[in-house]
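First comes the structure, then the notes that go with it.
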Amino acid sequence: MKKVNLFSAISHYRLDNQPHIQLLLQGHPTGRHLKGRELMDQYASGQRYVLITSDDNPFDEVLHIYLLDLELNVLDEMDLSQPYTPGIYQPQHQYGERLEFTFFPEGLWCLEVREHPKSKPLNFDHYPVRRPIKLWGQQYLRLHREQFQVA
265 MKKVNLFSAI SHYRLDNQPH IQLLLQGHPT GRHLKGRELM DQYASGQRYV
315 LITSDDNPFD EVLHIYLLDL ELNVLDEMDL SQPYTPGIYQ PQHQYGERLE
365 FTFFPEGLWC LEVREHPKSK PLNFDHYPVR RPIKLWGQQY LRLHREQFQV
415 A
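According to my numbering, the sequence shown is numbered sequentially starting from 265.
The structure is reproduced here in structure tokens:
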């Protein structure tokens, strides 16, 4: 994974009153809309992009993580949140296809990008990670909490 600066975003609200961004590629509209109010981070991973957005609400924050192909189609997506829990995204380390970051007041999270997807029934993941429900989810992204704490 390599940090890039290709994307920017315009924030807006949809009819469901949830924050969304319109994704821009080098300043040009892409026609893609993602959940979140702010584009927090972006990485290139081979022929794919990892985009991280947030709702920009530090007292009840949601982190949205997307994997897009070169045509900006969503290959995988997940949310990280806990009700009424503050969260501030802070990248820590990046190596290979892994990104380590802090989000909640305690703990270190590790995001891994798989070369090939793992199939999961109902696209299930463990709390506090959520994914859209699908009969058979194709999961390229893996997010887990590291066992040790950040000093």
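Think of the CB as a built atom: it goes at the ideal place given N, C-alpha and C, for glycine as much as any other residue.
Computed from a predicted structure; not experimentally measured.
Quick one: using the 10 Å Cβ neighbour count with 16 as the cut-off for buried, is residue i buried or exposed?
i: Gly401; result: buried
i: Tyr348; result: exposed
Provide the residue span of the beta strand (DSSP E) that contains residue i, from first to last.
i: Gln311; result: First-last for Gln311: undefined, no H or E at that position.
i: Pro355; result: Gln354 to Tyr359
i: Arg406; result: Trp400 to Arg409
i: His292; result: His292 to Lys299
i: Gln286; result: Pro283 to Leu289
i: Tyr277; result: Phe271 to Tyr277
Report the option in the options whose CA atom is closest to the CA atom of residue i.
i: Asn281; options: Val268, Lys266, Leu287 and Asp319; result: Asp319
i: His380; options: Asp333, Arg296, Arg278 and His297; result: Asp333
i: Ala273; options: Ser309, Leu289 and Tyr404; result: Leu289
i: Leu327; options: Asn337, Glu335, Leu336 and Glu341; result: Glu341
i: Ile329; options: Leu399, Gly295, Lys299 and Glu361; result: Lys299
i: Phe271; options: His292, Tyr277 and Pro283; result: His292
i: Glu361; options: Met304, Arg406 and Tyr277; result: Arg406
What does the alpha-carbon distance come out to for the pair residue i and residue j?
i: Gln306; j: His297; result: 15 Å
i: Pro392; j: Glu302; result: 20 Å
i: Lys266; j: Gln286; result: 23 Å
i: Lys384; j: Arg394; result: 13 Å
i: Leu279; j: Gln346; result: 24 Å
i: Val268; j: Ala308; result: 6 Å
i: Val414; j: Gly351; result: In this prediction, Val414 scores a pLDDT of 49, lower than 50, which makes its location untrustworthy; the coordinate-derived value is nonetheless stated afterwards. For Val414 and Gly351, the distance between alpha carbons rounds to 15 Å.
i: Leu399; j: Tyr277; result: 29 Å
i: Pro355; j: Thr366; result: 6 Å
Exercise for the section: Mind the definition here: the region 301 to 320 touches the region 368 to 379 only if three or more C-beta pairs lie below 8 Å; say whether that holds. Expected result: yes
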